[in-house]
Every structure is written in structure tokens, then in C-alpha cells.
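Down below is the structure, laid out as C-alpha cells.
Protein chains: 2
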Amino acid sequence: MNKHDSDETWKALSDPTRRAILDLLRDGPRQTTAIVEQFPELSRFAVMKHLNVLRSAKLVTTRSEGRVRVNSLNAAPIRDIIERWINKYEAYWSNTLLRVRDDAEQKSQRSTSKKRNSV
Amino acid sequence: MNKHDSDETWKALSDPTRRAILDLLRDGPRQTTAIVEQFPELSRFAVMKHLNVLRSAKLVTTRSEGRVRVNSLNAAPIRDIIERWINKYEAYWSNTLLRVRDDAEQKSQRSTSKKRNSV
DNA sequence: ACATTACGTGACCAGCCGGTAACGTATTGA
DNA sequence: TCAATACGTTACCGGCTGGTCACGTAATGT
Chain A
4 MNKHDSDETW
14 KALSDPTRRA
24 ILDLLRDGPR
34 QTTAIVEQFP
44 ELSRFAVMKH
54 LNVLRSAKLV
64 TTRSEGRVRV
74 NSLNAAPIRD
84 IIERWINKYE
94 AYWSNTLLRV
104 RDDAEQKSQR
114 STSKKRNSV
Chain B
4 MNKHDSDETW
14 KALSDPTRRA
24 ILDLLRDGPR
34 QTTAIVEQFP
44 ELSRFAVMKH
54 LNVLRSAKLV
64 TTRSEGRVRV
74 NSLNAAPIRD
84 IIERWINKYE
94 AYWSNTLLRV
104 RDDAEQKSQR
114 STSKKRNSV
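These protein sequences, in sequence, are chains A and B.
Using my numbering, the letters of the first sequence correspond one by one to residues 4 to 122.
Using my numbering, the letters of the second sequence correspond one by one to residues 4 to 122.
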């Protein structure tokens, strides 16, 4: 949780393509080519560069399976940042966070259908 | 909350100096010169550029008081982002964030009379 | 009136960032 | 074996970003 690490996380999260990759990996691990194909408007290398940024920020982990590379989301750095900001800005939104918790409770009571909004 | 807006927020938050300015404004409004003086290693213009980025991302609002300009934090865009990410990544950190939310709830119930800093 | 204080801007520059084209490596199946 | 598949890299580039220096504007106190 040192400053350099969180700064790298922020930098990694600041790009919309990289956030879209994380969105994709939320639904489960993906091999590299599958991620690349998700962005037909970008070259393969462009996507892989983003992937490398995410890897060095430890937001994505990759393991080899034969000639396939499986990329998985690691949400820990995001959690660290969010947790930090929740504590830092607590005075500014305590009531809002209560609403967030209510949403979460309702959602877990309803069903487990996931929504896919891109931020 | 369209995509452009939240992207601008992310970009604004991606710089450590800008996050430090927000940190400063958490403690209350500051006039422009006071913010500038907080960063002796930077030129005044550099700080003001960062301030302008924060203003156009609506993270900082500024009002005139005579020849003084008072800058205030607006945490709403941060709250929006965090709220979204809490919901999106809910499955990845169930216990930790619930604890944080419980803390917020207890605190808001304890000190309902205590107003937060004027924004 | 006018120096002082507070704030803002124009012009410019180096370096990083996100992107492409082309090429290289390694595992696998027929 | 060797073409196909999956993945990665070298070389390069335009534009954005974060920074500087110098200058400009506007309200205030005396």
C-alpha cells in the first residue's frame, strides 16, 4: 500500500480501454487472443500493451496453459484504492454509502444477473 | 453520468499532484494562492493548470470573493465512480467493503449533529 | 493614485502515451 | 515434420501532458 503502487494503479485505471479490459475480465478469465478480439478497432499490439500495463500494476495476472495464456482479474489494488478513498472522504458521503449497501443487499436477494456497464 | 464525464474524472484523478490538491481541499476551502503555496516545488502556473483540470472535471468549484478566489472540493464525481465500482466489483471483495460500510454507518449514527466542513 | 496583492495566461518545450506496421517465438495437431 | 495457432516484441510516430518563463489583469489599502 505504498504511494508508488497506488499511483501505478491510478495510472493504469486512467485509460478507458484498460478499464474495458477489466470489465471483460470481471466475467471470468480470458485468454489473450480472446481479449484482443474484443477490441477489433485496435491492433493486437495495442491491446497487449494495455494488458502489460495492467499486469505491471498487478490488476491482471497471467498464467500459462500450454500455448494458451489465461488472464485473470485481480481486484485487490482497486479495492485498496476504493477503501482508502471511502475512508478519506467519509464525511462527504456517509448517507450515500448507506444507499450503496442497501442496493447490494437488494441485489443479492433478487438474482445474480450481472449488468455490464462500462466506466 | 455519461462516459465522457466519468472518463474526464478518471483522467483528472490519475495525477498525484491533483489528488494532493483534493486532499488539501478535503480539510476545507482554500484560496488559490494558498493552494499554490502548498506546492513550493512547482511553479504557480503548473498548479493552476492542475486546478483548471480539476475544475473542468467538476471536482473543484471556485467562487469569487472580492479579489480572492475560493476553491472548494466537490466529491460528487468521486462518489459516483466509487459507487459504480463497488457495485461492479461487488463479488470480489464482499467482506472487506461491508466492514467499511458498517463503519460509516456507525459513525453517521453516532455524530448526526456534527456537520461536515462547509463545501 | 498607485503599489501591492491575488489571480490568470501566452508561448514554448521535453517526455510520456497510445497507437501502427512488421517481424519473431513457441506450442500444438495432423 | 511443419503449418497453423497463440502470443510476444522491435522500431517508430503524432499528440497529449506536465512543466517552465515571462507577462497581463483586477481588486484593495492607504
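Glycine included, C-beta positions come from ideal geometry on N, C-alpha and C.
Unbroken beta strand (DSSP E) run spanning residue i, endpoints
i	result
R72(B)	71–76
E138(B)	This structure does not reach residue 138(B), given that chain B is present from 4 up to 122, and the question cannot be answered.
N-terminal and C-terminal residue of the alpha helix (DSSP H) that residue i is part of
i	result
E86(A)	79–91
F48(B)	47–59
P32(A)	Per DSSP, P32(A) belongs to no alpha helix (DSSP H) and is neither H nor E.
Contacts that residue i makes with chain A (C-beta to C-beta distance below 8 Å)
i	result
S75(B)	Going along chain A, no residue has its Cβ under 8 Å from S75(B), so there is no contact; the nearest lies around 11 Å.
Interface residues of chain B facing residue i [CB-CB closer than 9 Å]
i	result
S46(A)	By Cβ distance, chain B contributes nothing, its closest Cβ being about 21 Å from S46(A), past 9 Å.
Contacts of residue i in chain A (Cβ-Cβ under 7 Å)
i	result
S17(B)	W13, K14, S17
I81(B)	W88, Y92
Residue i (DSSP reduced to helix, strand or coil)
i	result
P43(B)	coil
R26(B)	Here residue 26(B) is Asp; the residue named in the question, Arg, does not match the sequence. In the structure shown, D26(B) sits in a helix (DSSP, three-state: H, G or I).
S136(A)	Any property of residue 136(A) remains undetermined from this structure, which presents chain A solely from 4 to 122.
V122(B)	For V122(B), the predicted model reports a pLDDT of 28, less than 50, meaning its position is unreliable; a value from the coordinates is still stated below. V122(B): coil per DSSP, three-state reduction.
Partners in chain B for residue i, counting only beta-carbon separations shorter than 7 Å
i	result
D30(A)	In chain order: nothing, as chain B lies at least about 10 Å away.
I85(A)	I85, W88, I89
### Message
Using a Cβ distance threshold of 8 Å, determine whether the region 56–76 of chain B contacts the region 13–23 of chain B, with at least three qualifying pairs required.
### Response
yes
### Query
Three or more beta-carbon pairs under 8 Å between the region 89–96 of chain B and the region 68–80 of chain A, yes or no?
yes
### Query
So does the region 38–48 of chain B actually touch the region 81–93 of chain B, counting three or more Cβ pairs closer than 8 Å?
no
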